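Participant: Quick one: this structure, given as structure tokens, is what I'll be asking you about.
Number of protein chains: 2
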Amino acid sequence: MTERRGDYSRAAGASALGARIRRLSERLDRETAQIYAAQGVRFEQRWFGILNQIIMNGPMTVGEIAEALSVTHVSVSQARRALEGERLIHAMSDPADARRRLLSLTPQGDSLVASLAPLWRALSDSAEELNAEAGDLVRLLDRLEDALDVCPWSDRVTAHLALPD
Amino acid sequence: MTERRGDYSRAAGASALGARIRRLSERLDRETAQIYAAQGVRFEQRWFGILNQIIMNGPMTVGEIAEALSVTHVSVSQARRALEGERLIHAMSDPADARRRLLSLTPQGDSLVASLAPLWRALSDSAEELNAEAGDLVRLLDRLEDALDVCPWSDRVTAHLALPD
DNA sequence: CCCATATATGTAGGCACTTACATTATTAAT
DNA sequence: ATTAATAATGTAAGTGCCTACATATATGGG
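Chains as they are written, first to last, in our numbering: chain A, 1 to 165; chain B, 1001 to 1165.
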């Protein structure tokens, strides 16, 4: 099954950079969802980042996880609700600061994580394989992010708009 | 304003490839939205692809646009509704096939497109600039897509799962 | 102690896409 | 001519994120 490849998207080259990256991101998400489905696992992809952080670091707050994953606290908070609904994690107030919510794995969460470990390892290894086949794409992703850090896209657009044609 | 950079996301390297690409995509979307807002334009980003196709090719059907942009017809259909609501495009049944809907620009759409042309040019030029600074990222995006075409991620995961540890 | 400011997380609604399913028109097969 | 299969697009609901705003708690200054 070859992914849809519109005439325009690839032909446009760098000028359609944003759209290209979005399409690729969506494709990777789709393929990952198919992988979970093929394994007969009902799993929301946004759970992985959160569960993985808790596995690595033990109980964490919403804000800590959000920072580690480079997403907003709202995103974590929403996923947390789903994870709690499935009884995979337990949220409790942090004794040191009543504003904070400490998220930890339940025994059921532990169990699911253990059963998914081989799949996650395979996903990780195959991602590295893909990256290698793509000529170390991640290195260039770093470079693009660094470039945007130095000079945001909006500043670049402003500069171009100020140029005579 | 430097974008949030979580410890985990970059440190994970290629194993977090999917998440990295998603984060970058979302960042680019955010920065683009800021650009439109800074120009005082109320514009939905998903409109660009559709309008651009109609500009380049004249009236097109939902399916043609979807294929050119590598998105589903539903995505185009939904955006089409919004564009019609703003009176930027006009949808009519294709005389050659009553199932098809031909989308064309209204005079108001023409006017908006004309006024946005400098901005779109600046967006395109700065995207190419960013791509160059990132060492021709788009070339590697092509390679990754090609690699996935040849062997989908799910097949790779299956192969890894079958390997002895 | 009291008030102002900062911080942590929740709620509501939106963005741009997707899949599943539905309806209608067209084409192909018998 | 009739039926079955295919194609085009619409509707409904879902995904995973975001921003704006809100509430509660903690911290700092007077």
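From the three backbone atoms N, C-alpha and C, an ideal C-beta is built for every residue, glycine too. All values reported here derive from a predicted model rather than from experimental measurement.
Closest to A96/A by C-alpha separation, out of A82/A, M60/A, L163/A, L140/A, would be which residue?
Facilitator: M60/A
Participant: 8 Å is my cut-off, CB to CB: does Q1078/B come that close to chain A?
Facilitator: Not one chain A Cβ lies under 8 Å of Q1078/B.
Participant: T106/A by DSSP, collapsed to three states: which one?
Facilitator: In the structure shown, T106/A sits in coil (DSSP, three-state: anything other than H, G, I, E or B).
Participant: Go ahead and pull the three-state DSSP assignment for D1029/B.
Facilitator: For D1029/B, the three-state secondary structure derived from DSSP is helix.
Participant: Return helix, strand or coil for S93/A, following the three-state DSSP convention.
Facilitator: The three-state reading of DSSP puts S93/A in strand, counting E and B together.
Participant: Is any beta-carbon of chain B found at less than 8 Å from that of D97/A?
Facilitator: no
Participant: Which of the three DSSP states is assigned to A134/A in this structure?
Facilitator: A134/A: coil per DSSP, three-state reduction.
Participant: Exposed or buried, which one is S115/A when buried takes at least 16 other CB atoms within 10 Å?
Facilitator: exposed
Participant: Identify, in the order they occur along the chain, each residue of the same chain with its Cβ nearer than 8 Å to the Cβ of I1065/B, setting aside the five sequence neighbours on each side.
Facilitator: G1049, I1050, Q1053, I1054, V1076, L1103
Participant: Give the secondary structure of A1012/B by DSSP, where H, G and I count as helix, E and B as strand, and everything else as coil.
Facilitator: coil
Participant: Return the residues of the region 49-63 of chain A that lie within a Cβ-Cβ distance of less than 9 Å from chain B, sorted by chain order.
Facilitator: G49, N52, Q53, M56
Participant: Quick one: is the Cβ of A37/A within less than 7 Å of any heavy atom of the ligand NAD?
Facilitator: As far as ligands go, the structure on display features none, and thus does not contain the ligand NAD.
Participant: Could you list which residues in chain A have their beta carbon closer than 8 Å to that of V1157/B, in chain order?
Facilitator: I35, L119, A122, L123, S126
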